[in-house]
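In this note's numbering, the protein residues as written are 376 to 1025.
Structure (structure tokens):
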């Protein structure tokens, strides 16, 4: 292709003027915040405090109050907190700042920002809006539950404090007596669940009214945009902190609160060696800051262009983290109180056992110095001190009543299968790579071995679980079954890269989508099959699950391949199907972009295309236009307050 002639000095002057005019037109059309642009056309926050409260109110939520304390409790307390802070600084704050800067400079919502960057990326903006819609659905359900409980909390005694009495038999409801008052109120009064999943149940007018009230509150807060929502922020963002502080003050007065705080901040650094902990910490960073939802971009778009978003990113992230710590303190002081009470009950039970033991002869030397005739007068410290010296002499009749053990109790049994699977996945991957790199097996045979072997063993072990007779055997083989699926995961998930490297992400999305649909349908089927929760019903469930596994193993063993497929070969695909631009088309588009000033992705400054501007057109110099070494002119920092001279970069 023949290069265009080099521009003359006169052409350069005309080109610079045309760029400046183009930038002004673009700024006027898109409502950008240039110096002379129509910045007032975009609504703005009345004060910086309103904006900060809006960002804090969005980012601080259930993830800080519910999820963060749970993750700290599950993953080593202070060690997880340190890991979270590190990932927050490395990943969270930079991404949060990027979203703030994008919304503030382009002054549009999520859809408009991605369209401004590239029209082909508009789908990301629409996707973020859909995510916000789904989040609003389940958040309003939780708000409806909260309104329901708040309304019932004005009763005395509280309806979930004790079991109700059957009006006919004048006795306590049997279902409540066999479970607990709180569980009965939740399932039978709040949710009013049906007896089985195939029954729709009756209309629940009270909960429906609470849900309508929740949506009405949302609509009233948004009816006038930020003018109405900003006023709501003063209450919705500040009131939760007042409640948490009140809970913390009350919790600190409880016996055992200090032990709970010590448990929270004590670092168990050995937990850093587990990959699962790193994944959960990174997930919590994204979840807590609300990255990718588009709301951060929308809130910052109402700011002045020269707002200091560097400081905002650090400040909001810091407030978010401190809120998580505050909520964790509230949770752990209650956990410490609960663990202390359970330990004291344990002491009373053990001392009562000791009171019936003989105290004559050789047994007198280990007899405790505290009063065994009054178990409630024995302190936890005295009992544990005595138990550490003589407890082993009494066999297994007594326990040490350690409160730390009560605090560390989590659902380890339910997490054990996936923990074993997490350990097996990297082992299976290393084994598969070893078989391939040493030419022991072909790629196709390795994939078949890992996938068919893993799922085949899982199917066999599920049969054992279904027809086992003891709880220990069932749990053990269920752990092994899920663990063996790790070989299939490590051998199958990379198969997309084997057969179609260019389309691996699309294939993975299709397979994950089908898997998600099955995960949504299977609980409904299992619920319909196990209405009475009998042994025979569950045996049929495990039998069908095993047959589905065996069917997949047979199908994969026959049709699977580990070789690159012809339809995925770039050499066999035309440029028209690939959407690849030819050299002439690429040159024409680049020349057109250069000629019009190239405002994509630039801050809409009226002088962006000028000789001293910061626009894309000023900084993009094509190869055939370089007559001498190009030096970037002095720009301005758009995020600092003050005049042009104060914002000049040196």
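Note that CB positions come from ideal geometry on N, CA and C, so glycine has one too. Just so you know, these numbers come straight off a predicted model, no measurement behind them.
(message) Since residue 484 and residue 669 should fall inside the 8 Å C-beta cutoff, what is the C-beta to C-beta distance between them, to a whole number of angstroms?
(response) Taking 8 Å as the upper bound for CB-CB distance, residue 484 and residue 669 are in contact here, some 7 Å apart.
(request) Apply the 10 Å Cβ neighbour rule to residue 989 and answer buried if 16 or more other Cβ atoms are within range, or exposed otherwise. (result) Caution applies to residue 989, whose pLDDT of 41 falls short of 50 and renders its modelled position unreliable; the value that the coordinates give is listed next. Flag for residue 989 reads buried.
(request) Tell me residue 540's beta-bridge partners as DSSP assigns them. (result) In the DSSP output, where bridge partners are listed per residue, residue 540 has 547.
(request) Work out the CA separation of residue 547 and residue 556 for me, nearest whole Å. (result) Taking the straight line joining both Cα atoms gives about 11 Å.
(request) Name, in chain order, the residues that DSSP records as bridge partners for residue 642. (result) In the DSSP assignment, the residues bridged to residue 642 are 452.
(request) Inspect the beta-carbon positions of residue 800 and residue 890 and report whether they are closer than 8 Å. (result) Judged by beta-carbon spacing, residue 890 lies beyond the 8 Å limit of residue 800, meaning their Cβ atoms are not closer than that value.
(message) Is the beta carbon of residue 482 closer than 8 Å to that of residue 604?
(response) In terms of Cβ geometry, residue 604 and residue 482 do not form a close pair [threshold 8 Å].
(request) Return the residue from the list 719, 796 and 461 that minimises the CA-CA distance to residue 865. (result) The candidate whose alpha carbon is nearest that of residue 865 is 796.
(message) If you follow the alpha helix (DSSP H) that residue 923 is in, where does it begin and where does it stop?
(response) In the DSSP annotation of this structure, the continuous segment of the alpha helix (DSSP H) that includes residue 923 starts and ends at 910-934.
(message) By the three-class DSSP mapping on this structure, what secondary structure does residue 720 have?
(response) In the structure shown, the three-state DSSP call for residue 720 is helix.
(message) If you reduce the DSSP assignment to three classes, tell me which class residue 599 lands in.
(response) Note: residue 599 maps to coil in three-state DSSP.
(request) Would you decide whether residue 500 is buried or exposed? Buried here means 16 or more other CB atoms lie within 10 Å of its CB. (result) It is buried - the Cβ of residue 500 has at least 16 other Cβ atoms within 10 Å.
(message) Measuring only the C-alpha atoms, how far is residue 932 from residue 503?
(response) So the two alpha carbons sit approximately 39 Å from each other.
(message) Rounded to whole angstroms, what is the Cα-Cα separation between residue 551 and residue 539?
(response) A direct Cα-to-Cα measurement between residue 551 and residue 539 gives close to 8 Å.
(request) With DSSP as the reference, label residue 906 as helix, strand or coil. (result) Residue 906: coil per DSSP, three-state reduction.
(message) With three or more C-beta pairs closer than 8 Å as the rule, is the stretch 820-835 touching the stretch 921-939?
(response) Yes, they touch.
(request) Express the C-alpha separation of residue 488 and residue 620 in angstroms, rounding to a whole number. (result) Residue 620 and residue 488 have their C-alpha atoms some 38 Å from each other.
(request) Run the CB neighbour count on residue 535, radius 10 Å, all protein chains shown included, and call it buried at 16 or more, exposed below. (result) Per the 10 Å Cβ criterion, buried.
(message) Please classify residue 423 as buried or exposed, where buried requires at least 16 neighbouring CB atoms within 10 angstroms.
(response) If you draw a 10 Å sphere on the C-beta of residue 423, you find fewer than 16 other C-beta atoms in it, and that means exposed.
(request) Identify whether residue 419 lies in helix, strand or coil by the three-state DSSP scheme. (result) Three-state DSSP puts residue 419 in coil, outside helix and strand.
(request) Return the first residue and the last residue of the alpha helix (DSSP H) that residue 662 is part of. (result) Residue 662 -> alpha helix (DSSP H) spans 650-664.
(request) Let me know the secondary structure DSSP gives residue 694 once reduced to three states. (result) If DSSP states are grouped into helix, strand and coil, residue 694 belongs with the helices.
(message) What would DSSP say about residue 875, mapped onto helix, strand or coil?
(response) Residue state, collapsed to three classes: coil.
(request) For residue 698, count neighbouring C-beta atoms within 10 Å of its own C-beta (all shown protein chains included) and say buried if the count is 16 or more, exposed if not. (result) It is buried - the Cβ of residue 698 has at least 16 other Cβ atoms within 10 Å.
(message) Within 10 Å of its beta-carbon, does residue 898 have 16 or more other beta-carbons around it, so buried, or fewer, so exposed?
(response) Answer is exposed; the Cβ neighbour count stays below 16.
(message) Only counting the same chain, and skipping five residues up and downstream in sequence, which positions put a Cβ closer than 7 Å to that of residue 665?
(response) The answer, listed in chain order, is 433, 434 and 671.
(request) Return the Cβ separation of residue 881 and residue 940 in integer angstroms, given the expectation that the two are a contact with Cβ distance under 8 Å. (result) With 8 Å as the limit, residue 881 and residue 940 do not qualify as a contact, their Cβ atoms being about 13 Å apart.
(request) Give every residue of the same chain whose Cβ lies closer than 6 Å to the Cβ of residue 615, excluding the five residues on either side of it in the sequence, and list them in chain order. (result) Excluding five sequence positions before and after residue 615, none of the CB atoms of its chain fall closer than 6 Å to its own CB.
(message) Less than 8 Å between C-beta atoms, sequence neighbours within five positions excluded: which residues of the same chain meet that for residue 815?
(response) Closer than 8 Å at Cβ, skipping near neighbours: 809.
(message) For a quick check, are the C-beta atoms of residue 444 and residue 706 less than 8 Å apart?
(response) Cβ distance < 8 Å, so residue 444 and residue 706 count as in contact.
(message) Does residue 883 come out as helix, strand or coil in the three-state DSSP assignment?
(response) DSSP places residue 883 in helix when its eight states are reduced to three.
(message) Among the candidates 695, 570, 688 and 637, whose CA atom is the shortest distance from the CA of residue 908?
(response) For residue 908, the nearest C-alpha among the options comes from 570.
(message) Out of 754, 441 and 700, which one is the CA nearest neighbour of residue 718?
(response) Closest in alpha carbon position to residue 718, among 754, 441 and 700, is 754.
(request) Measure the C-alpha to C-alpha separation of residue 563 and residue 543 and round it to an integer number of angstroms. (result) Cα-Cα distance, rounded: 18 Å.
(request) Pick helix, strand or coil for residue 535, following the three-state DSSP scheme. (result) DSSP places residue 535 in coil when its eight states are reduced to three.
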